[in-house]
Amino acid sequence: MCNCPVCDASVTISDDPVEGELLECEECGTELEILALDPITLGEAPEMEEDWGE
Ligand SMILES: [Zn+2]
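Read in order, the letters of the sequence shown are residues 804 to 857 in our numbering.
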């Protein structure tokens, strides 16, 4: 378990977290990225531009 850097709610992390893994805070809906594993550090994921089709 880790806390959301935005709203401080507890965020559930998978049993086998991977650096760079993206997850979403259930409280505030912010997309979070695992920045480091030891200790687990969460940060806000960079905004992705939705640019799927051209
Ligand atoms: Zn949050």
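No residue lacks a Cβ here, since even glycine has one placed at the ideal position from N, Cα and C.
Item                                                                                  : Value
Residue 847 - containing beta strand (DSSP E), residue span                           : 843-847
Coil, strand or helix - residue 805 by DSSP                                           : strand
Helix, strand or coil at residue 817 according to DSSP, with G and I counted as helix : coil
Through-space distance from residue 855 to residue 832, alpha-carbon basis            : 22 angstroms
Among 816, 838, 820, 842, nearest to residue 828 - alpha-carbon criterion             : 816
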